[in-house]
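*Asks:* The opening residue of the sequence shown carries number 1 in the UniProt record's numbering; numbering runs sequentially from there. The beta carbon of each residue, even a glycine, is placed where N, CA and C say it ideally should be.
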Amino acid sequence: MRNSQFGVPAKLRGANLRLPPFPPTKKLATMAEVESPEQAQTELAPRTQSSTRGLVLVVGTATIFAAAFLLFTLQPLVGKIVLPRFGGSAAVWSVCLVFFQTALLAGYALAYGLAKLRPKQQIAVYAALWLLAAVLVSVPVGDVWRLTWFDNPAGELLLKLVRFVALPCVLVGSVSILVQVWARFSGVKDPYAFYAVSNIGSLGALLAYPTLIEPNLSVPISAGAWTWGFRFVALLIAGLSLAVWMARPGEARETDAADADAPAPGWGTTLAWMVLSAIGSGLLVSFTSRITQDIAPIPMLWIIPLALYLLTFIICFGGMYRRDWILPLALIAFALNTFVTLRYGWPDLGFERKVLGYEISVSGITVGLVLASSSFFLLVMLLHGELYALRPGARFLSRYYLVISAGGAAGGAFVSLAAPSLFKVQFEYPLLLALALAVLFAVTLVRGARLLQNFWLNLIATIGIIATGLGFTTGRIAAPLAFEGKDTKISYYRNIYGPMRVEASADRKSFLHGTTTHGTQLTEANTAPRPISYYSDQSAVGVVYRFLTEDEKRNPLRIGAIGLGVGTLAAYARSAPYTDAAPGERAVIFYELDPEVAHIARTHFTYLSQAEPNVPAIHFGDARTTLEQQPPQEFDMLVVDAFTGDGIPIHLLTREALELYLRHIKPEGTILFHISNRYLRLEAVVGNAAHAVGLEALAIDHNAESDDIDSSTYIVVSRRKLPLMTQKWEDGGETKVGPAIRDSSLRVWTDDYSNLFSVLASP
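Structure (C-alpha cells):
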C-alpha cells in the first residue's frame, strides 16, 4: 500500500539522504548573504556591463551611420537649392566649400569641447542641443533662398547658410566623435571602429544620392525627408544618452586601465596626424581634378575617387590595414600607372578580346582610369593606415579626430583655393604625390616593410621607381611643350574654375579648358576672322542666322550669347546683310561666368576687337542671375552654350530657365541650345522642357567634313515653327533640321528636380 505524505513514498521518509547541493546562483542571492551593497553591485556588474555595452554598440552604430548619411546628403541637397538662386560663380562656390568645411570642423570642435566635461554633463548638454535642434531645424526651400543682395551675393549666401543649415550641419558632424567618447564610457574596448561605420554611412550617401535620391525625389521632398531623418537621429541620440547615463561608473574600469598606460600624444605625433590627413585630402582633390579636367571630363566621374577615399578609411579603421601588403602593392601600382600610361597614353590602352565566345571590348580611358585609380587608392590607403597606426589611447580620441579634420580641411583648401593662384599648371598633383611617396619611403625605412627581401636592393628599387615616376609625372604636367610640336606655342592660365590654355600654331589658335575646345580662330592674313568650329555658317547658328536675315529680312539682329569662348559669335555682328545698319545696332551681347576667359579672348583672338562697336557689353557672373536682374533684352537669337564639359550647369536647362529666356527674346525670336557632348544626351531634356512651356523644338545636326569646322548639335526653341530641311555643303558636310526628341519616360527638369544619371550616354 502506498502511504505517502506530500507525494513521498513511505520507505523514503526519514531516510538519511545526501543530495548534491544546488550550484550557487547570483539570481537567488539576497543582501543578507553578501557582505555589503558594494559586493552585490560587483557581482551583478558583468551581466549589466555586457548588456549596456551591447546596447551602446547597436544604438551607437545606427546613430553614427545615420548621421554620416545625413551629412553627405546635405551638401548636394543644399547645392541644388542654392544653384538656381545664386548661380555657379567662383565666389558662390568658394562660400559653399568654406562653409561646409568650417561647419564640419566646428562639429569636431564641439565634440572635443564636450569631451572635456564629466560624462553626465556631456550627455545633458548634448541631448539638450539635439532636442532644441529637432524642434527648430528644417531645411527650407523656395523663396527664402532668393538672392536680394545683388551687389554682394556671396555675403548673403553665407548668412543664409549659417541661418538655415549651420546648426544641423555642426550637430551631425559631431555625432561620430562624441558617440565614440560615450562608447569608451560604456566599456567598448575599441571605439575607433565606429569611425569605419561613419565612413560606411558617408559612402552609402555618396552612392545613393545620384542613383536613388536625386532621380526619384524632388528637392522639396528631399528636404522634408532630410528633416525627418535629422529628427530620427535626435531620437537615436536620446536613446543612446539614456543608455550611457544609466551605465555604472565601474563599467569603463577595464578600458580606463588600458588607457592609463597610453602616453599623451606629443607635438610630433599631432603634427604627423595633420600632415597625413592633409596629404590624403589634397591628393583626393588634385587627383579628381586631373582625371575629370585633363583626361576624361565625364559627368560624375568624381564619385570614383571619393568613394575609394572613403573606402580606405573603412578598411583602415576597421582594423584591416596590413602594412606588409599595402606598401609593396602601392609601389607596384604607382610604377605601372606611371610607366604604362607614359609609354602608351590613355587612348592607346584599349583592347578587344574574345573570351568564351564573347567579344570583350575595353576602352583606353577605362584601362587608364583603373590604373590611375588603383595607384591613388593604395597610396591613400597607406596614408590612412599609418594615420590609424598612430592613433592615441581612447581618452585622446576627440583631439585626434579634431586634428584629422583640420588637416583634411587644410589639404582641400590648399588644392581648391590656393593652388590655382600659385601654379599656372596643376603642379600641386605631383607635389602631393611626392609627399605621399615620401611617406611610403619613410615607412620602408622605419617599419621594414618592403617589396624585395634584400634591404639594400629594395631601397635602391624604391628610390629608382619613385624618382623616375615623379620625374615623368612632373614633366608631363609642368613641361608639356616637350610633347607638342616645335611650331606650337602654349600660353597657360588658371583660376578657381580650372586650368586653361591657348595653343597657337602657324595657321590657327585654339582655346582649351582641359580636353574641351572652347573656340578656334584661323590666322588668315588681312582678312576678318570668320566663324568656324561649332559656330560656322553650316551650324545651327548659321542656319538660323540666314533664315532670320535672308528669309525674313530682319536687319539688324540683336544676339545674346551665354558663354563667351573666344568670342566667335561676334563675327555675326559684322556680317552681311548689315550694309544699312548703323554701327552698334547689330549687337552681340555676351554673358560670361569667368572674367579670365574675356582676358584670353581679347589677348589672343580678334573676334571681339574686329566686331567693335557691335559688342557693347560682356556681362560677368552667372548668366541666369544676371538675366533675372535685367529688363527684357529683346534678342532675336539667344545662344546658350555651356554644356560641353563635365560640369553641366543644370540650372541653365530647367523649365524655369527656359521661361526666363523667353522673357528676353522677341515674340518671333529663337533660343539655341548647343548640346554637343560626348557623355550626355541632352536633346530630350530640352525637348521636354520646351513642350512643357508650349514651344516648338527642332534639332539641328551638322556632320562636318572640314578640318576647320566641328560637328555640332543644337536644339532650337521658338514660339513658332521653323522650316524642316536637309542641306548638303560643298566640303561634304551635311546639316539636318528635324523635330527634337521628346522622351515621356524622362521627367521635365525643373529647379526642384533633375536627374543627370538618366541622360548619361552609353559607352
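Residue 680: beta carbon under 6 angstroms from a heavy atom of the ligand ADP?
*Replies:* The ligand content of the structure shown is nil, which means the ligand ADP is not present either.
*Asks:* Cα separation between residue 633 and residue 151?
*Replies:* Locating residue 633 in the sequence shown gives position 633, where the first residue counts as 1. Locating residue 151 in the sequence shown gives position 151, where the first residue counts as 1. Distance between the alpha carbons of residue 633 and residue 151: 21 angstroms.
*Asks:* Hey, quick one: how far does the alpha helix (DSSP H) through residue 651 stretch, first residue to last?
*Replies:* Your numbering for residue 651 matches position 651 in the sequence shown. Taken as a continuous stretch (DSSP letters only), residue 651 belongs to no alpha helix (DSSP H), as it is neither H nor E.
*Asks:* Do you know offhand how far residue 222's Cα is from residue 424's?
*Replies:* In the sequence shown, the residue the question calls residue 222 occupies position 222. In the sequence shown, the residue the question calls residue 424 occupies position 424. Approximately 40 angstroms between the Cα atoms of the pair.
*Asks:* Can you find at least 3 beta carbon pairs, one from the stretch 535-543 and one from the stretch 613-631, that sit closer than 8 angstroms?
*Replies:* no
*Asks:* Spatial neighbours of residue 379 within its chain, please: CB distance less than 6 angstroms, with the 5 preceding and 5 following residues excluded, ordered by chain position.
*Replies:* Locating residue 379 in the sequence shown gives position 379, where the first residue counts as 1. Correct list, in chain order: 330 and 436.
*Asks:* Alpha carbon to alpha carbon, what distance is there between residue 167 and residue 590?
*Replies:* The residue labelled residue 590 in the question sits at position 590 within the sequence shown. The residue labelled residue 167 in the question sits at position 167 within the sequence shown. In this structure, the alpha-carbon of residue 590 lies about 40 angstroms from that of residue 167.
*Asks:* Using three-state DSSP, classify residue 504 as helix, strand or coil.
*Replies:* For the purposes of this step, residue 504 is taken as the residue at position 504 of the sequence shown. Residue 504 carries a strand assignment under DSSP once its states are collapsed to helix, strand and coil.
*Asks:* For residue 759, which residues of its own chain have a beta-carbon under 7 angstroms away from its beta-carbon, when the five flanking residues on both sides are left out?
*Replies:* Taking the first residue of the sequence shown as 1, we reach residue 759 at position 759. Within the same chain, residue 759 has close Cβ partners 680, 681, 682 and 685.
*Asks:* Where residue 440 and residue 281 are concerned, what is the direct C-alpha to C-alpha distance, given to the nearest angstrom?
*Replies:* Position 440 of the sequence shown, counting from 1, holds the residue named residue 440. Position 281 of the sequence shown, counting from 1, holds the residue named residue 281. Going from the Cα of residue 440 to the Cα of residue 281 covers about 16 angstroms.
*Asks:* Whose C-alpha, out of 333, 233, 234 and 377, is nearest the C-alpha of residue 287?
*Replies:* Residue 287 sits at position 287 when you count from the first residue of the sequence shown. For the residues 333, 233, 234 and 377, the minimum Cα distance to residue 287 belongs to 377.
*Asks:* Please classify residue 209 as buried or exposed, where buried requires at least 16 neighbouring CB atoms within 10 angstroms.
*Replies:* On the sequence shown, position 209 is the one that residue 209 refers to. So residue 209 counts as buried.
*Asks:* Going by DSSP, what residues sit across from residue 691 in a beta bridge?
*Replies:* Taking the sequence shown and counting its residues from 1, one reaches residue 691 at position 691. According to DSSP, residue 691 bridges with nothing at all.
*Asks:* According to DSSP, is residue 45 part of a helix, a strand, or is it coil?
*Replies:* If you number the sequence shown from 1, residue 45 lands on position 45. Reliability of the predicted coordinates at residue 45 is poor, the pLDDT of 46 falling under 50, and no value is obtained from them.
*Asks:* Who are residue 622's beta bridge partners in DSSP?
*Replies:* Along the sequence shown, one-based indexing puts residue 622 at 622. In DSSP, residue 622 forms no bridge with anything.
*Asks:* Terminal residues of the continuous alpha helix (DSSP H) containing residue 610?
*Replies:* Taking the sequence shown and counting its residues from 1, one reaches residue 610 at position 610. Looking at the DSSP string, residue 610 is not in any alpha helix (DSSP H), and its letter there is neither H nor E.
*Asks:* In terms of residues, what are the limits of the beta strand (DSSP E) holding residue 739?
*Replies:* Mapped onto the sequence shown, residue 739 falls at position 739. Where residue 739 is concerned, the enclosing beta strand (DSSP E) stretches over 734-739.
*Asks:* For the alpha helix (DSSP H) holding residue 699, just list the boundary residues, first then last.
*Replies:* Within the sequence shown, numbered from 1, the residue matching residue 699 stands at position 699. For residue 699, there is no enclosing alpha helix (DSSP H); the residue is part of the beta strand (DSSP E) that begins and ends at 696-703.
*Asks:* For residue 669, tell me which candidate among 696, 678 and 655 has the shortest Cα-Cα distance.
*Replies:* The residue given as residue 669 occupies position 669 in the sequence shown. Ranking 696, 678 and 655 by Cα distance to residue 669 puts 696 first.
*Asks:* If we call anything under 7 angstroms between Cβ atoms a contact, is residue 588 one with residue 570?
*Replies:* Here residue 588 is taken as the residue at index 588 of the sequence shown, counted from 1. Here residue 570 is taken as the residue at index 570 of the sequence shown, counted from 1. Yes. Within cutoff.
*Asks:* Using 10 angstroms around the beta-carbon of residue 263, count the other beta-carbons present and answer buried if the total reaches 16, otherwise exposed.
*Replies:* As a position in the sequence shown, residue 263 is number 263, starting the count at 1. Residue 263 should be labelled exposed.
*Asks:* In angstroms with no decimal places, state the Cα-to-Cα distance between residue 460 and residue 375.
*Replies:* As a working mapping, residue 460 is identified with position 460 in the sequence shown. As a working mapping, residue 375 is identified with position 375 in the sequence shown. Approximately 20 angstroms between the Cα atoms of the pair.
*Asks:* Would you mind working out which of 572, 565, 521 and 564 sits nearest residue 546, comparing C-alpha positions?
*Replies:* Residue mapping note: residue 546 aligns to position 546 of the sequence shown, counting from 1. With distances taken between Cα atoms, residue 546 lies closest to 572.
*Asks:* Quick one, which of 415, 489 and 513 has its alpha-carbon nearest residue 500's?
*Replies:* Taking the sequence shown and counting its residues from 1, one reaches residue 500 at position 500. When only C-alpha atoms are compared, the closest one is 513.
*Asks:* May I ask you to report which of helix, strand or coil DSSP gives residue 636?
*Replies:* Your numbering for residue 636 matches position 636 in the sequence shown. Residue state, collapsed to three classes: strand.
*Asks:* Span of the alpha helix (DSSP H) holding residue 314?
*Replies:* On the sequence shown, position 314 is the one that residue 314 refers to. Element bounds for residue 314: 303-317.
*Asks:* Identify every residue that forms a DSSP beta bridge with residue 521.
*Replies:* Counting from 1 along the sequence shown, the entry for residue 521 is found at position 521. Partner(s): 509.
*Asks:* Give the DSSP bridge partners of residue 674, in chain order.
*Replies:* For the purposes of this step, residue 674 is taken as the residue at position 674 of the sequence shown. For residue 674, which the question treats as bridged, DSSP gives the partners 714.
*Asks:* Is residue 14 helix, strand or coil by DSSP?
*Replies:* Here residue 14 refers to the residue found at position 14 when the sequence shown is read from its first residue. With a pLDDT of 40 at residue 14, under the threshold of 50, the modelled position of that residue is not reliable, and the figure given next carries that caveat. If DSSP states are grouped into helix, strand and coil, residue 14 belongs with coil.
*Asks:* In three-state terms, what does DSSP make of residue 751?
*Replies:* Position 751 of the sequence shown holds residue 751. Here residue 751 sits in coil by DSSP.
*Asks:* Where DSSP assigns a beta bridge to residue 533, which residues make up the other side?
*Replies:* Within the sequence shown, the letter at position 533 stands for residue 533. Looking at the DSSP assignment, residue 533 forms a beta bridge with 709.
*Asks:* In whole angstroms, give me the CA-to-CA distance for residue 333 and residue 516.
*Replies:* Along the sequence shown, one-based indexing puts residue 333 at 333. Along the sequence shown, one-based indexing puts residue 516 at 516. Those two C-alpha atoms are separated by around 29 angstroms.
*Asks:* Can you pull the DSSP bridge partners for residue 337?
*Replies:* By 1-based counting over the sequence shown, the position of residue 337 is 337. According to DSSP, which records beta bridges pairwise, residue 337 is partnered with nothing at all.
*Asks:* Alpha carbon to alpha carbon, what distance is there between residue 148 and residue 58?
*Replies:* Residue 58 sits at position 58 when you count from the first residue of the sequence shown. Residue 148 sits at position 148 when you count from the first residue of the sequence shown. C-alpha separation (whole angstroms): 47 angstroms.
*Asks:* Residue 532 and residue 549: beta carbons closer than 7 angstroms?
*Replies:* As a working note, residue 532 is residue 532 in the sequence shown. As a working note, residue 549 is residue 549 in the sequence shown. Contact annotation: residue 532 and residue 549 have beta-carbon atoms that are not nearer than 7 angstroms.
*Asks:* Below 7 angstroms CB to CB, which residues in the same chain sit around residue 406 once its five sequence neighbours on both sides are set aside?
*Replies:* By 1-based counting over the sequence shown, the position of residue 406 is 406. Counting only Cβ-Cβ distances below 7 angstroms, and skipping sequence neighbours, we find 105 and 274.
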